[in-house]
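Protein sequence lines correspond, in order, to chains A and B. Each residue of the first sequence is one higher than the last, beginning at 1 in the working numbering. Each residue of the second sequence is one higher than the last, beginning at 441 in the working numbering. Heads up: the structure comes next, in structure tokens.
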Amino acid sequence: MKKLIAAAGLAAATMLSSGSAALAQGKTITLCWAAWDPANALVELSKDFTAKTGINMKFEFVPWPNFADRMLNELNSKGRLCDLMIGDSQWIGGSAENKHYVKLNDFFAKEGIKIGDFLPTTVDAYSTWPKGTNNYYALPAMGDAMGWTYRKDWFARPALQAEFRQKHGRDLAPPKTWTELKQVAEFFQGREIDGKKVFGAAIPTERGSEGITMGATAALYPFGFRYENPQRPYQMQGFVNSADAIEGLEFYKSLFKCCTPPGYTNGYMQEGLDAFKSGQVALQMNWFAFFPGLFKDPNVGGDKIGFFVNPSQKTEGSTLGGQGISVISYSQNQAEALSYIKWFADAEVQKKWWALGGYSCHRAVLGDPNFAKTAPFAADFLKAMGNVRDFWQEPSYAQLLQAMQRRLHDYVIADKGTAKEALDGLVQDWTKVFKEDGKN
Amino acid sequence: MNARSDSEGPARNVANMTPDRVARTVRGLSDKAIAWLFIGPTMLLLLAINLFPLIWTIQLSFTNYRANRPNAPILNIGLDHYRAILTDPDIWLRMQATAHFVFWTIALQTIIGFALAYLVDRKFRGHGFWTTLILVPMMLSPAVVGNFWTFLYQPQIGLFNYIVGFFANVPPGSFKMLGDVTLSPWAIIIVDTWMWTPYVMLICLAGLRSIPDYIYEAAEVDRASNWRQFISITLPMCMPFIMLAVLFRGIENFKMFDMVNLLTSGGPGSTTELASITLKRAAFEAWRTGYSSAFAIILFVAVFGLANIYVKTLNKVKAR
């Protein structure tokens, strides 16, 4: 009788387990991200997940200018559209505090996922909240930073090399400092190349979302801009508007004035790509995420394109991009979403992710001695990720970003006031926001 | 007789089929009650989708509520948001930018729209074709218009810059319609005027066609000149229509968002940041729900108040 009961129990358990497996197999989970080149690579990569688990993947990709609006609206309304979200790094504070993202610590521990397998800067930037703690709300999914592309073929022309050397006493080469970068940009501005007038640089100037902030901070960080007093959080006076920060902002404006294409007053990712691909500019500041696509471009890719890390000035610093992947707490398919995270954290999957054009943050990829040789921009990416700095990741990040967008655009593009006034005003705006949040 | 019995037949059948209890209930209702029964569902729907959100918005405007902080306590802060908005110099700059946009778009659209209507009202060869062609811009989506005017204004390849440069004898790349603080407010006015003048033209055309011919015939008998006829007959009789067009365009442009957002995103700096763009940023980017509710109420009261004054004036003009 006991044997009979045991057999029945076994049969029931088998039925149940195979039933749940069948249930998982029939399921579809939705991953939400921005619509850009790496998203296409992820679609390709995720086919392996479906093949392995039987869980189908659906993707909801929103163009960058609308990505934050659309997805934060989704999260705030506790929508169930997304099971997985590759959300921007700045969202982590709000999404953790408002419980939009599932806390992953227990899951990592249970599944043996070692967060230490990922680059510490990326873990800090994409996964943790509050900063400096071990509370993980995301797995680093896509490392990214602001970098530069240049027209290698133009730089290689003997006549241009000679002229530049005569003028500046050095080779026409990827700049190491912002001062050098401006010299190069000035050199190309208005020059005729192959019968076409070209310009110095395409740099972010966009007003509507985050463009000018991401671009200007790429100059501000190397000049010495800091968000707050390291000894006293949220104390910004003398850091945000330090003499170095003012100098950095003035420099960015001078670069915009001297060396951008005419009318380049509202340009960001796509406009930068268009300007570079159409052969309008010698230099372009954009996210590393676009570099694999640019390298493959039939007109300006291959031998014609070169890459370099954000130049230093008084110090080194690159603007952080990139995102972590999180499980949405309102999802009804959390188990399947978590299984995707588990699969994605695997070193072999991460290697394939990099091979397909995604920027892995896994040490197995980045720590490979041959990594720097895997792509012409790999070494620069590695270097950039070593000195990245991110915008505020506070729950009020959007308000803080709006204030910076307005202050910078007013000063750089609309010629309103001075750099000091812009940054003093920014300190006032930010202080007000933090005061409302009870944080200073 | 036959017809009457035919129509009464089905009605009587339906009446006979009505259950006694229902019939007794309905029989007891007054005409007014039956009327309410019919319009009740519609009224309820309108209350649900119009009045309820309005009341809720008013209520939220007195709180510190943020839609992205569901766990934060909601505190009543009285008139703080209203005080903050009305004393914020930046908000007044946005209101000035909005007033500039509304005033000039209405002025240009009314003048050009009426002139076009006056021309189109005359029968000429290809009249239908030209009328249709003029109407095309207003049939386009503001998103499409915003995008293609961005190209037209492009300093290097834009057709607009090329044409202006050609006639003004200046290089096309020497001016930036969307990137210049002085030019960008006019850039958005030009696009809105291009898009919506046909709408004003249509309304004015309806006004012109409503003037009976005999009035002009009587004026001609009195040897009134064309100019006199225009001043004394055409313009006054068209005035209610023109004013109606001004009202519609005024309300629409006061809340203009999509086209300007696509063209300039409010830039350069905040030069073309109209009130609705500020409102959208506060509500759906910064998630300051209470604050943006107060701002929405202020804008609503402003538009509603101005529109009411205007409608009263319009009624007086019509009465004349």
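Just so it is clear, CB atoms sit at the ideal spot from N, CA and C, and this is done for glycine as well. Since the structure is predicted, the reported quantities are computational estimates derived from the model, not experimental observations.
Would you kindly check if the distance between the Cβ of A646 (chain B) and the Cβ of F681 (chain B) is under 9 Å? yes
Compute the distance between the beta-carbons of F199 (chain A) and P262 (chain A), then report whether it is under 9 Å. yes
Classify R452 (chain B) as buried or exposed, calling it buried when 16 or more other Cβ atoms lie within 10 Å of its own Cβ. exposed
So W33 (chain A) is in the beta strand (DSSP E); what residue range does that whole segment cover? 28 to 34
With DSSP as the reference, label K758 (chain B) as helix, strand or coil. helix
Would you kindly report the start and end of the unbroken beta strand (DSSP E) that includes E60 (chain A)? 56 to 62
Using a Cβ-Cβ distance under 9 Å, would E394 (chain A) count as near chain B? no
Between the alpha carbons of F606 (chain B) and R760 (chain B), how many angstroms are there, rounded? 49 Å
For P708 (chain B) versus G619 (chain B), is the C-beta spacing smaller than 9 Å? yes
Chain A residues whose Cβ lies nearer than 9 Å to that of V621 (chain B): I413, A414, D415, K416
Within chain A, partners of G706 (chain B) - CB distance below 9 Å: R207, G208, R406, H409
Is there a Cβ from chain B that is less than 9 Å from the Cβ of P369 (chain A)? no
Counting pairs of beta carbons, one from the segment 100 to 114 of chain A and one from the segment 322 to 329 of chain A, are three or more of them closer than 8 Å? yes
Can you list, in chain order, the residues of the segment 587 to 619 of chain B whose Cβ is nearer than 7 Å to any Cβ on chain A? Q594, P595, Q596, G613, K616, L618, G619
Over the uninterrupted alpha helix (DSSP H) stretch that includes A141 (chain A), give me the two end residues. Careful: A141 (chain A) lies outside any alpha helix (DSSP H), inside the beta strand (DSSP E) at 139 to 142.
Beta strand (DSSP E) containing I305 (chain A): first to last residue? 305 to 309
With a threshold of 9 Å between beta carbons, is T711 (chain B) in contact with chain A? yes
So A627 (chain B) and L703 (chain B) are in contact, right, with Cβ under 8 Å, and what is the actual spacing, rounded? 7 Å
Under a CB-based cut-off of 9 Å, is A6 (chain A) close to chain B? Below a pLDDT of 50, predicted positions are generally treated as unreliable, and A6 (chain A), at 48, falls in that range; no measurement from the model is reported.
Ordered list of alpha helix (DSSP H) runs contained in the segment 465 to 533 of chain B, each at least 4 residues: 471 to 486, 492 to 500, 520 to 526
Can you check whether the CB of M57 (chain A) is closer than 9 Å to the CB of I29 (chain A)? yes
Closer than 8 Å by beta-carbon distance: list the chain B residues that pair up with G79 (chain A), in chain order. Under the 8 Å cutoff, chain B gives no residues; its nearest Cβ is about 13 Å from G79 (chain A).
By the 10 Å Cβ neighbour count, where 16 or more other Cβ atoms means buried, how is A21 (chain A) classified, buried or exposed? Bear in mind that the predicted position of A21 (chain A) carries a pLDDT of just 46, short of 50, making it too unreliable to give a figure here.
C-alpha gap between Q596 (chain B) and V300 (chain A), whole angstroms: 21 Å
Measuring alpha carbon to alpha carbon, tell me which residue in B:I691, B:F670, B:I738, B:R461 is nearest F554 (chain B). B:F670
Does N666 (chain B) come out as helix, strand or coil in the three-state DSSP assignment? helix
To the nearest angstrom, how far is the alpha carbon of K383 (chain A) from that of Q235 (chain A)? 30 Å
Check E206 (chain A) in the structure and name its three-state DSSP category. coil
Could you check the C-alpha separation between E74 (chain A) and G566 (chain B) for me, to the nearest Å? 52 Å
Using a C-beta to C-beta distance shorter than 9 Å, which residues of chain A count as neighbours of F724 (chain B)? D69, L72, N73
Are the segment 173 to 185 of chain A and the segment 281 to 291 of chain A touching by the rule of at least three beta carbon pairs closer than 8 Å? yes
Does any C-beta atom of chain B lie closer than 9 Å to the C-beta of A398 (chain A)? yes
Just the chain A side, please: which residues come within less than 7 Å of N516 (chain B) by C-beta, in chain order? By Cβ distance, chain A contributes nothing, its closest Cβ being about 16 Å from N516 (chain B), past 7 Å.
Round the Cβ separation of G730 (chain B) and T527 (chain B) to the nearest angstrom and send it over; I've been treating them as touching at under 8 Å. No, G730 (chain B) and T527 (chain B) are not in contact; Cβ-Cβ is about 17 Å, not under 8 Å.
Taking 9 Å as the cut-off, decide whether the C-beta atoms of L31 (chain A) and C82 (chain A) are in contact. yes
Chain-ordered chain A contacts of P510 (chain B) [CB-CB under 9 Å]: N76, K78, N98, K99
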